[in-house]
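In what follows, a single structure is set out as structure tokens and then discussed.
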Amino acid sequence: MAMSVGGESADTTPMSDINTTPLVDVMLVLLIIFLITVPVVVQKIKLQLPNVRFEPTQTKPENVLLSVRAGPDGACEVYWNLQKMDSKALLKRAVDKLEADVKRLGGPANITPDELPEVHIRGDVNAPYKCIGATIYTMQSAGFAKVGFISEPENPNAS
């Protein structure tokens, strides 16, 4: 290892070369960061995302109102109006209701999709998705074609 300690020499001018090693290190780090983040930021799949807007719910007396929440032990709790149901009882009651509505409307040949009852699900914000997903699956298995969610619109006056 060589080192200059001063002393008498013919070349007494100060060293004027720029140390480029830190500059190269910084540039390499930035290059690696951009190589990793650019594919994440630039999406290749073209999608048209839905516009969020508030639509008031048109309630009909024959619609089914379900409430879903997680119980104290973590199990899913589903309520048909105010009555607690398990998945088998929910499926049976949903099938019976849909059959009664179809019979009341004059049979399957005389019904349009707009005349069929809808399912409106009110899901607690802390309910796991498996609870809501299972409720949707059960109601669709019973034959309900329209399943929607009830939410509260944002309060513009809240700060």
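For the sequence shown, position 46 matches number 45 in numbering that gives the first Met the number 0, and the numbering has no gaps at all.
Glycine is no exception: its CB is placed at the ideal position from the N, C-alpha and C atoms.
This structure is a prediction, so every number in the text was calculated from the model and none was measured.
Taking only the alpha-carbon atoms, compute the straight-line gap between residue i and residue j and give it to the nearest angstrom.
| i | j | result |
| --- | --- | --- |
| Lys83 | Thr111 | 31 Å |
| Arg121 | Pro127 | 13 Å |
| Val77 | Ile135 | 11 Å |
| Phe33 | Asp24 | 14 Å |
| Asp166 | Arg103 | It is not possible to answer for residue 166, since the shown part of the chain is limited to 0 through 158. |
| Ser125 | Leu30 | It is Asn, not Ser, that sits at residue 125 in the sequence shown. Distance between the alpha carbons of Asn125 and Leu30 is about 42 Å. |
| Val146 | Lys87 | 19 Å |
| Pro71 | Leu97 | 32 Å |
| Phe148 | Pro38 | 34 Å |
| Val28 | Gln57 | 57 Å |
| Val101 | Asn109 | 9 Å |
| Thr20 | Thr11 | 25 Å |
| Met14 | Met26 | 25 Å |
| Gln139 | Glu117 | 11 Å |
| Leu115 | Thr36 | 49 Å |
| Gly106 | Ala99 | 10 Å |
Please determine, among the options, the residue with the shortest C-alpha to C-alpha distance to residue i.
| i | options | result |
| --- | --- | --- |
| Arg113 | Thr20, Ala144, Tyr78 | Correcting the residue type first, residue 113 is Asp in the shown sequence and not Arg. Of the candidates Thr20, Ala144, Tyr78, the one whose C-alpha sits nearest the C-alpha of Asp113 is Ala144. |
| Gly73 | Met138, Gly142, Cys130, Val146 | Cys130 |
| Ala133 | Ala108, Pro60, Ala69 | Ala69 |
| Glu151 | Pro55, Arg92, Asn109, Leu22 | Pro55 |
Pull up the CB-CB distance for residue i and residue j, whole angstroms please, since I reckon it's below 8 Å.
| i | j | result |
| --- | --- | --- |
| Leu90 | Thr137 | 5 Å |
| Ala141 | Val67 | Between Val67 and Ala141 the Cβ distance is about 16 Å, and since that is not below 8 Å, they are no contact. |
| Asn62 | His119 | 6 Å |
Terminal residues of the continuous alpha helix (DSSP H) containing residue i?
| i | result |
| --- | --- |
| Val101 | 86–103 |
| Ile131 | 128–141 |
Along the chain, where does the beta strand (DSSP E) containing residue i start, and where does it finish?
| i | result |
| --- | --- |
| Gly147 | 146–148 |
| Ala69 | 63–69 |
| Val77 | 75–79 |
| Pro120 | Here residue 120 turns out to be Ile, not Pro, going by the sequence shown. Counting along the chain, the beta strand (DSSP E) containing Ile120 begins and ends at 118–122. |
In the DSSP assignment, what residue or residues form a beta bridge with residue i?
| i | result |
| --- | --- |
| Tyr82 | This sequence places Gln at residue 82; Tyr is not what is there. The partner list for Gln82 (beta bridge, DSSP) reads Trp79. |
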